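J.: I have a structure here, written as structure tokens, and I will follow up with some questions on it.
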Amino acid sequence: MKVNKKSNPEPVNAYKILKIRKGQIIMTDIISFSPSPSIFGFGSIKQLPEVLASNNYKKLLIFTDTQIAKSGILQIVLDLLEGSIEYEIFSAVPPEPHSSDMDKQKDRLGSGYDALLSLGGGSVMDFAKAMSIIMTHEGSLGDYLGEGLVPGPVVPIVCVPTTSGTGSQSTQTTVFTIEGVKRGVSSEYIRPVFSVVDPELTIELPPMVTRNSGYDALMHACESFMARPSSQVPDRPIRYQGSNPFSRALALEAFSHIWRSYKPAIYEGKNREARIGMSIGAHMAGMAFSHSGLGLVHALASSLGGMVDAPHGICLAACTRIGLQYNFEYCEKGFAVLDGIIADIEEISSQPSGKRFLDRLQQLINDVAMPSRPSELGIGKGDAEKLMENTLVQTRRIQTNPRPLDDGLLNYIKEGI
């Protein structure tokens, strides 16, 4: 059906699409909402010394990677800290880290740090969170897999993200590969004590990094909004409580910012408005899913990421079709809400449609040249059972997926590969 532009499209009304009367949402279960404090804005990195001083931190261990060190961003931070605080630097954080990468550093790093400063993207922030655990408590990282197994406080973590993707500065989770599967540790003890989100630090981000990390943020917003309702998550993981009014509001606003800004940020890297939109969208999406949880697309992508050497955003794109089609019967109205937001942004007149949302998302994947099937990453139908097996261990994501997982998932995987 041909759609026509109109100058003043009617704003999407989520209440109308979901057939919810205003005031009808009644909280019948207990929800905990505890986002980390943050400073946001262009140039906000200049406030980092004040943040550190207000917490009386005297000695820092700075985690970053070689690209950030070469880019000049690390030097900007060091210039700000000069003369005000003692610091040491670990600049060898690998992309997509394995648990062994952290475990082998446990006894090599110094001690007596008041805080860990994470300067980088999701891998750097996850690395710092993981190190905070094993620098404080006994054992290896694998001993803490899952939810609520970190026994007590850790070295405080301050995050300065340099990408707009994982939203890890907002979450209580660290993700890494262990025994060929992407797994994670979730604990309120590793939620950052503070973050400084400065979009200016993302201006020089390469297009492919912008694309890959940005798609992660987009799927955070989508899956958080569509997560199983909190009232239907009886055995709640730590903080992953299911979709609730707080998470849905954040997820919808995040989705709007990201969809509007995603392609401009990729193709017009110095577009200040697009970079701000991606930064705030990723940050809000992180806040949303850190309370609601995610779903099957992320579970599949984490499993795929343990099987192939590809960035997380790429794995998400390759698994989107499988995950969202599996959930479609449970999510059609919610998908229509997201379709309506897209229609508002692109100023087109059309009746919101869940199916059209999936089509629009597939077109976006094609537009930015990402894979739409695991087969494009070297996975064959013979790998379907392994992909499903590895997905089933992603309990913290499965528990909040809108549709319970059953044997029928294997057929969706085989068809989607």
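Under the working numbering, the first residue of the sequence shown is numbered 1, with each subsequent residue one higher. For each residue, glycine too, the CB sits at the ideal point set by N, CA and C. Computed from a predicted model, the values in this text were never measured in an experiment.
Give the single residue among Lys182, Ile62, Gln75 and Pro37 whose Cα lies nearest to the Cα of Tyr87.
T.: Of Lys182, Ile62, Gln75 and Pro37, the residue nearest in Cα terms is Ile62.
J.: I need the DSSP call for Asn411, collapsed to helix, strand or coil.
T.: Three-state result, Asn411: helix.
J.: Taking only the alpha-carbon atoms, compute the straight-line gap between Glu389 and Gln105 and give it to the nearest angstrom.
T.: Taking the straight line joining both Cα atoms gives about 31 Å.
J.: For the candidate residues Val77, Ile31, Ile30 and Tyr57, whose alpha-carbon lies nearest to that of Ser44?
T.: Taking only the C-alpha atoms, the option nearest Ser44 is Val77.
J.: Indicate whether Gly295 and Met226 have their beta-carbon atoms separated by less than 9 Å.
T.: Yes, Cβ-Cβ distance for Gly295 and Met226 is below 9 Å.
J.: Helix, strand or coil for Lys197 per DSSP?
T.: The sequence given here places Val at residue 197; Lys does not occur at that position. In the structure shown, Val197 sits in a strand (DSSP, three-state: E or B).
J.: Excluding sequence positions up to five away, which residues of its chain have a Cβ less than 7 Å from the Cβ of Asp126?
T.: Here the set comprises Pro97, Ser168, Thr174, Val175 and Phe176.
J.: Rounded to the nearest angstrom, what separates Gly180 and Met307 at their Cα positions?
T.: Computed Cα separation, rounded: 6 Å.
J.: In the DSSP assignment, the beta strand (DSSP E) including Val181 goes from what residue to what residue?
T.: It spans Val181 to Ser186 - the beta strand (DSSP E) in which Val181 sits, taken as one unbroken run.
J.: Using beta-carbon positions only, say whether Leu409 and Tyr326 come within less than 9 Å of one another.
T.: Going by C-beta atoms, Leu409 is nearer than 9 Å to Tyr326.
J.: Note the first and the last residue of the continuous beta strand (DSSP E) segment covering Leu116.
T.: From DSSP, the beta strand (DSSP E) with Leu116 extends over Ala115 to Gly120.
J.: Within 10 angstroms of its Cβ, does Lys182 collect 16 or more other Cβ (buried), or is it exposed?
T.: That one is buried.
J.: Rounded to the nearest angstrom, what separates Arg21 and Asp339 at their Cα positions?
T.: At Arg21 the pLDDT is 43, less than 50, meaning the model places this residue with poor confidence; the figure from the coordinates comes in the next sentence. Answer to the nearest angstrom: the Cα atoms are 20 Å apart.
J.: Can you tell me which of Leu60, Ser230, Ser84 and Gly122 puts its alpha carbon nearest to the alpha carbon of Ser111?
T.: Considering only alpha carbons, the answer is Leu60.
J.: Using only the alpha-carbon positions, how far apart do Ser261 and Ile348 sit?
T.: C-alpha separation (whole angstroms): 17 Å.
J.: Leu392 by DSSP, collapsed to three states: which one?
T.: Helix.
J.: Whole angstroms are fine: how far does the CA of Gly120 sit from the CA of Ile68?
T.: Taking the straight line from one Cα to the other gives about 7 Å.
J.: Return the Cβ separation of Ile379 and Leu304 in integer angstroms, given the expectation that the two are a contact with Cβ distance under 8 Å.
T.: So it is a contact: roughly 7 Å between Cβ atoms.
J.: Taking Ala53 as the reference, give the member of Glu82, Thr64 and Ser34 with the closest Cα.
T.: Nearest option by C-alpha distance: Glu82.
J.: So, Ser195 versus Ser38, is the Cβ gap smaller than 9 Å?
T.: The answer is yes: Cβ separation under 9 Å.
J.: So the candidates are Ala274, Glu138 and Cys331; which of them puts its Cα closest to the Cα of Arg418?
T.: In the structure as shown, the chain starts at 1 and stops at 417, and residue 418 therefore has no counterpart that could be examined.
J.: In whole angstroms, give me the CA-to-CA distance for Ala49 and Lys333.
T.: The amino acid occupying residue 49 in the given sequence is Pro; Ala does not appear at that position. Those two C-alpha atoms are separated by around 46 Å.
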